[in-house]
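Participant: Starting off with a structure, shown below.
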Amino acid sequence: MSRATAPSRLGRALRPGLRGVSVGLLTALFLAPFYLMLRNALMDSTALTSPHWVWWPAHLRWGNFAALFTDPTLHLGRSLANSLLIAGITAPVSTLLASAAGYAFARIPVPGRGLLLGLVVATLMIPGSVTFVPTFVVVGSLGGVNTLWGVIAPGLFNPFAVLLFRNFYLGLPTEIEEAGRLDGLGWLGLYRRLALPSSGPLLASLGALAFIDSWNAFLWPLVIGQDPSAWTAQIALSTFLTAQTVNLPGLFAGAVVTIAPLVAMFLIAQRYIVEGITSSGLKG
Amino acid sequence: MTAAPTVGTGPTAAPAVRKRADLRTWSAFALLTAPMLLGLGLFKYLAIGWSFLLSLSDAHGSIALGHWVGLANYRQLLADPAFRRSLGQILLFTAVVVPVTFAASLGLALLVHRVRRGRAVVRTAFLVPTAVSYVAASLLWKMCLFNGLPAGIANTLGGWFKMAAVPWLQTTSPPLYWIVLITLRLWLQVGFYLVLFLAGLQQIPRELYEAAALDGAGGLRLLRRITLPMLRGTSVAVLMLQLIAAFQAFDEFYNLFDSGLSGTAAAPVQTPLVYLYSTAMGAQNYGLGSAGAFLLTGLIVGATLIQGRVTGFGKAAR
Numbered sequence: 001m002s003r004a005t006a007p008s009r010l011g012r013a014l015r016p017g018l019r020g021v022s023v024g025l026l027t028a029l030f031l032a033p034f035y036l037m038l039r040n041a042l043m044d045s046t047a048l049t050s051p052h053w054v055w056w057p058a059h060l061r062w063g064n065f066a067a068l069f070t071d072p073t074l075h076l077g078r079s080l081a082n083s084l085l086i087a088g089i090t091a092p093v094s095t096l097l098a099s100a101a102g103y104a105f106a107r108i109p110v111p112g113r114g115l116l117l118g119l120v121v122a123t124l125m126i127p128g129s130v131t132f133v134p135t136f137v138v139v140g141s142l143g144g145v146n147t148l149w150g151v152i153a154p155g156l157f158n159p160f161a162v163l164l165f166r167n168f169y170l171g172l173p174t175e176i177e178e179a180g181r182l183d184g185l186g187w188l189g190l191y192r193r194l195a196l197p198s199s200g201p202l203l204a205s206l207g208a209l210a211f212i213d214s215w216n217a218f219l220w221p222l223v224i225g226q227d228p229s230a231w232t233a234q235i236a237l238s239t240f241l242t243a244q245t246v247n248l249p250g251l252f253a254g255a256v257v258t259i260a261p262l263v264a265m266f267l268i269a270q271r272y273i274v275e276g277i278t279s280s281g282l283k284g
Numbered sequence: 285m286t287a288a289p290t291v292g293t294g295p296t297a298a299p300a301v302r303k304r305a306d307l308r309t310w311s312a313f314a315l316l317t318a319p320m321l322l323g324l325g326l327f328k329y330l331a332i333g334w335s336f337l338l339s340l341s342d343a344h345g346s347i348a349l350g351h352w353v354g355l356a357n358y359r360q361l362l363a364d365p366a367f368r369r370s371l372g373q374i375l376l377f378t379a380v381v382v383p384v385t386f387a388a389s390l391g392l393a394l395l396v397h398r399v400r401r402g403r404a405v406v407r408t409a410f411l412v413p414t415a416v417s418y419v420a421a422s423l424l425w426k427m428c429l430f431n432g433l434p435a436g437i438a439n440t441l442g443g444w445f446k447m448a449a450v451p452w453l454q455t456t457s458p459p460l461y462w463i464v465l466i467t468l469r470l471w472l473q474v475g476f477y478l479v480l481f482l483a484g485l486q487q488i489p490r491e492l493y494e495a496a497a498l499d500g501a502g503g504l505r506l507l508r509r510i511t512l513p514m515l516r517g518t519s520v521a522v523l524m525l526q527l528i529a530a531f532q533a534f535d536e537f538y539n540l541f542d543s544g545l546s547g548t549a550a551a552p553v554q555t556p557l558v559y560l561y562s563t564a565m566g567a568q569n570y571g572l573g574s575a576g577a578f579l580l581t582g583l584i585v586g587a588t589l590i591q592g593r594v595t596g597f598g599k600a601a602r
């Protein structure tokens, strides 16, 4: 008995140390790309391609960033502004629309509501990015090609968020609503004054996730916004990447510029994002 | 309950008031759900219905319904070696990338779960890459980590082990470009699934481990007998999400291989979405593109249903 446990006790003593080292190494490995991106963005191109390894450039070339915004073929300023506008509209609007529908499906008893909810949920069966051809057909026929609303509109309707909000509002205590009704609130008042404020954390987490998804979206903006006036930051970066340029530091500076706002927001909203991921799970 | 004001009024007044109240309930419901229902009706139901009709017609350069051709588009696609190859390649990609991401995120979660000091920092480090776009990550992987230059990171590391510098993305036999694709996806996705697994791990009652430890079970036995069975629900959900995500791969393939619109022949792999993009957007063949979208949707829904049956998703949900 004691002979059998001896090696495992030794193993148990060793394991925490080993675990600490491997976690540390993996953490460094996962953060390394960020460091490389920033380092490359601040180097000059000859240093970048020389076989001599440079940990950190002696002269930081901040001018690489300025050059991006003055490059007329890149449309980076315009593209970043577009992305900010698109994600800035999509995040709050899509979350509010889902919350309103979720509340109605959870609380307002009308005949046929189960069927309507079924129609909403059924759209979850169709994989998101496969629908780009059908969506292009509709947005195109409405005149949305190369427009910002054409990029934004299809992303405003999130059936999965409806489901999450419905589940949340189903769990809301009825006593609160009865008190509100005694104060003379109708359905809309109950939603706006009581239900909506109570779902703050869910709004924040789904809003943050929608912002990230919208900022990083690539296929749909590529399909609908071929013209530089409707480019998003991702499209500008991709065009830069596939244009066979030799301006490597510029490329990395461009990548830094497109991910910096999101990483900053991510670090601020991290608590909500983690909450959102764990509560939903089903967000590809 | 909406008829509360009618209490105490005469029986003749009641139906009229009730009807008004119902109308108010109805209009509130309609107001709150209309934007969502109209949006989904337009961008899902109408779009898919129209696209289905397009898939049965000859629609070149126009999204108006053209000449009716029946199943010709479907037949043409299935006869096209490029499309068939793209289906085979996405199946292979899924078969490789899903188990690897699953194992990596589960392993990492088990590792991170036990970390006592600085867990928040460690979790953040793994989670931050999930905020990075595939475009930016592809750029980094293609131009920095796995560029063909001797000074590239991968080649420098290989050099320490006396390996010659290789062009990672261009090397098709052995298919080294797979390493680029898989590591990129791991970096971007592991943090997301890690959080799901961590949440699952936190829900396992401690008493289970304590009881098992009293019985003398340790290490691997605990993992196999308690942790993995208790994570079953999470695992099935993660598997399904990864499956769908793998089937929809587009961004990294487009950006790593310069394929998409031009030079598709140079790309060693093409996913169905890349094929569809060049068919629908490049060649403007919306009929063929629509047919491809339906075939791919069928494949994804089918694979998800099979996975659900095999892993017992229904049971887990119950």
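Line by line, the protein sequences give chains A and B.
Read in order, the letters of the first sequence are residues 1 to 284 in the working numbering.
Read in order, the letters of the second sequence are residues 285 to 602 in the working numbering.
From the three backbone atoms N, C-alpha and C, an ideal C-beta is built for every residue, glycine too.
In this text, all values refer to a predicted model and were calculated from it rather than measured experimentally.
Given a cut-off of 8 Å on the beta-carbon distance, is the pair Pro-221(A) and Ser-335(B) in contact?
Facilitator: no
Participant: With three or more C-beta pairs closer than 8 Å as the rule, is the region 122 to 129 of chain A touching the region 186 to 195 of chain A?
Facilitator: no
Participant: Figure out for me which residue from Phe-30(A), Gln-270(A) and Gly-254(A) has the closest Cα to the Cα of Ala-66(A).
Facilitator: Gly-254(A)
Participant: Please confirm whether Lys-446(B) has its beta-carbon closer than 8 Å to some beta-carbon of chain A.
Facilitator: Chain A, which has no Cβ nearer than 8 Å to the Cβ of Lys-446(B), makes this no.
Participant: Since Ser-341(B) sits in a beta bridge, which residues does DSSP pair it with?
Facilitator: Trp-352(B)
Participant: With DSSP as the reference, label Asn-569(B) as helix, strand or coil.
Facilitator: strand
Participant: Using a Cβ cut-off of 8 Å, which residues of the region 188 to 212 of chain A contact any Cβ in chain B, in chain order?
Facilitator: Leu-188, Tyr-191 and Ile-212
Participant: According to DSSP, simplified to helix, strand and coil, what is His-75(A)?
Facilitator: coil
Participant: Apart from the five residues on each side of it in sequence, which residues of its chain come closer than 7 Å, Cβ to Cβ, to Pro-289(A)?
Facilitator: Because chain A here runs from 1 to 284, residue 289(A) falls outside it and cannot be looked at.
Participant: Between which residues of its own chain and Asn-439(B) is the CB-CB distance below 6 Å, once the five residues before and five after are set aside?
Facilitator: Ala-449
Participant: Can you tell me which of the three DSSP states Gly-544(B) falls into?
Facilitator: Residue placement at Gly-544(B) cannot be trusted, given a pLDDT of 39 that sits under 50; what the coordinates show is reported in the next sentence. Three-state result, Gly-544(B): coil.
Participant: Among the residues of its own chain, which have a CB less than 6 Å from the CB of Asn-158(A), if the five just before and after it don't count?
Facilitator: Ser-94 and Ala-98
Participant: According to DSSP, is Ala-530(B) part of a helix, a strand, or is it coil?
Facilitator: helix
Participant: Indicate whether Asp-47(A) and Pro-57(A) have their beta-carbon atoms separated by less than 8 Å.
Facilitator: The sequence shown places Ala at residue 47(A), not Asp. Closer than 8 Å, so yes.
Participant: Closer than 6 Å by C-beta to Leu-142(A): which residues in its own chain qualify, once you throw out the five before and the five after it? Chain order, please.
Facilitator: none
Participant: Exposed or buried, Ala-285(A), counting other C-beta atoms within 10 Å across all chains shown (16 or more means buried)?
Facilitator: Not covered by the structure: residue 285(A). The range shown for chain A is 1 to 284.
Participant: Please check if any C-beta of chain B sits within less than 8 Å of the C-beta of Gly-140(A).
Facilitator: Taking Cβ atoms only, chain B reaches closer than 8 Å to Gly-140(A), which makes this a yes.
Participant: Provide the residue span of the alpha helix (DSSP H) that contains Gly-200(A), from first to last.
Facilitator: From DSSP, the alpha helix (DSSP H) with Gly-200(A) extends over 200 to 216.
Participant: With a CB to CB cut of under 8 Å and the five nearest residues on each side skipped, what residues in its chain are close to Thr-456(B)?
Facilitator: Pro-552
Participant: For the candidate residues Leu-18(A), Leu-60(A) and Gly-140(A), whose alpha-carbon lies nearest to that of Val-223(A)?
Facilitator: Val-223(A) has its Cα closest to that of Gly-140(A), out of Leu-18(A), Leu-60(A) and Gly-140(A).
Participant: For Tyr-103(A), go through chain B and note every residue whose CB falls closer than 8 Å to its CB, in chain order.
Facilitator: Leu-316
Participant: Who are the near neighbours of Tyr-342(B) in its chain, counting only those whose CB is closer than 7 Å to its CB and skipping five residues on each side?
Facilitator: One point to set straight first is that residue 342(B) is Asp, not Tyr, in the sequence displayed. Here the set comprises Gly-350, His-351, Val-353 and Gly-571.
Participant: For the alpha helix (DSSP H) that His-397(B) lies in, which residues bound it at each end?
Facilitator: 365 to 397
Participant: Along chain B, which residues have their Cβ under 7 Å away from the Cβ of Met-37(A)?
Facilitator: Leu-424
Participant: If contacts are defined as beta-carbon pairs under 8 Å, then Val-381(B) and Ile-463(B) qualify, I think. What distance do you get, rounded to the angstrom?
Facilitator: About 12 Å separates the Cβ atoms of Val-381(B) and Ile-463(B), ruling out a contact at the 8 Å cut-off.
Participant: Helix, strand or coil for Gly-155(A)? Go by DSSP, reduced to three states.
Facilitator: helix
Participant: Any residues in the region 160 to 189 of chain A with a beta carbon nearer than 7 Å to a beta carbon of chain B? Which ones, in chain order?
Facilitator: Val-162, Gly-186, Trp-187 and Leu-188
Participant: Below 8 Å on C-beta distance, what does Asp-535(B) contact in chain A?
Facilitator: Phe-218 and Leu-219
Participant: Consider the Cβ of Leu-156(A): report whether some Cβ of chain B lies at a distance smaller than 8 Å.
Facilitator: yes
Participant: Can you check whether the CB of Leu-392(B) is closer than 8 Å to the CB of Phe-410(B)?
Facilitator: Phe-410(B) is a Cβ neighbour of Leu-392(B), given a cutoff of 8 Å.
Participant: Let me know if Met-320(B) comes out buried or exposed under the rule of 16 or more other beta-carbons within 10 Å of its beta-carbon.
Facilitator: buried
Participant: Can the beta-carbon of Ser-417(B) be found less than 8 Å from the beta-carbon of Asn-216(A)?
Facilitator: yes
Participant: Of the residues that make up the region 256 to 276 of chain A, which ones have a beta carbon closer than 9 Å to any beta carbon in chain B?
Facilitator: Val-256, Thr-258, Ile-259, Leu-262, Val-263, Met-265, Phe-266, Leu-267, Gln-270, Ile-273 and Val-274
Participant: Please classify Ile-590(B): does DSSP put it in a helix, a strand, or coil?
Facilitator: helix
Participant: Taking only runs of the alpha helix (DSSP H) that begin and end inside the region 14 to 80 of chain A, which ones reach a length of at least 4 residues, in chain order?
Facilitator: 45 to 49 and 63 to 70
Participant: Does the CB of Ser-50(A) have a neighbour CB from chain B at under 8 Å?
Facilitator: yes
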